[in-house]
Amino acid sequence: MKEKILATFSNLGFIMTPTNDEKVYRFSYEGVNMLYLYNETDEDFLSIAVPGIMEVTDSNMMYALLLMEKINNSLKYIKSYLVNDEIWLFYEHELFGGEDFMNVIPAIIIQLERALQHSRRLMYAVAEELKDGSDDNSDSEGDNHSDVDVTEDTDSQNDDE
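Quick note, the working numbering runs 533 ahead of the 1-based positions in the sequence shown.
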């Protein structure tokens with residue numbers, strides 16, 4: 534199945550670059566880095582991801598968790614996960630056989646790109662929600678989430694291509 538999926542990416546014009554992990558291939562769509570993750574234990578599982586949409590640290594963990602909850606609650610087929618201190622977006626698809634990969638893969642990629650844009654909008658909304666909540670409920674310890682900076686380039690990994 535891996536060869537068929539990689540051939541489809543190639544036929545669609547994508548340049549698939551192997552990573553250090555032979556099960557992960559990097560490609561770019563409209564300037565957005567994406568990954569095809571091959572699952573050798575389940576060939577009927579197709580996973581494509583947008584890695585590193587936001588770095589997660591101890592100081593922004595609450596913001597990140599709230600953001601992930603809002604992403605997961607607002608999108609049907611795409612889910613956010615915490616991977617190596619970053620938020621990643623995943624589209625996971627079960628293969629039943631006979632899929633038209635020339636239609637399925639572009640649809641997945643477009644949905645991921647739209648989800649990234651949606652996630653960026655949610656970043657601002659969540660930051661405002663936390664800011665507004667902190668104005669009303671601030672305590673003497675100063676837990677006002679002021680360390681959340683949504684003005685930073687949250688997709689910096691995509692600048693190098």
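Where is the CB? At the ideal position from N, CA and C, for every residue including glycine. Quick caveat, the model's predicted, so the values are computed rather than measured.
When only Cα atoms are considered, Ile581 and Val637 end up about 12 Å apart.
Within the stretch 567-602, no run of alpha helix (DSSP H) at least 4 residues long lies entirely inside it. For Thr590, the closest alpha carbon among the candidates Lys609, Glu576 and Asn617 is that of Asn617.
Between the stretch 602-617 and the stretch 641-650, the count of Cβ pairs shorter than 8 Å is three or higher; the stretches touch. Scanning Ile604, Gln650, His626 and Gly666 for the CA closest to the CA of Tyr569 turns up His626. Each residue's CA atom was taken as its position, placing Thr574 and Lys535 some 12 Å apart. Cβ-Cβ distances below 8 Å link Phe634 to Lys537, Ile538 and Thr541 in the same chain, with the five nearest sequence neighbours on each side left out; the list follows chain order. Nearest Cα to Leu598 within the set Glu619, Leu545, Asn544 and Thr552: Glu619.
Listed in chain order, the non-local C-beta contacts of Glu588 below 6 Å within the same chain comprise Glu619, local neighbours out to five positions each way being set aside. When secondary structure is reduced to three states using DSSP, Glu632 falls in the coil class, being assigned neither helix nor strand.
Going by DSSP, Lys537 is part of the alpha helix (DSSP H) stretching over Lys535 to Asn544. By the neighbour-count criterion, in which 16 or more other beta carbons inside 10 Å mark a residue as buried, Pro551 falls on the exposed side. Burial state of Ala648 is buried, judged by a 10 Å Cβ sphere holding 16 or more other Cβ atoms.
Residue pairing by DSSP places Leu615 opposite Ile620 in a beta bridge. Here the alpha carbons of Asn544 and Gly630 stand approximately 19 Å from one another.
Counting along the chain, no beta strand (DSSP E) covers Tyr610, and no H or E run does either. Annotation for Trp621: Ala582, Pro584 and Tyr614 place their beta carbon closer than 6 Å to its own, counting only its chain and skipping 5 residues before and after.
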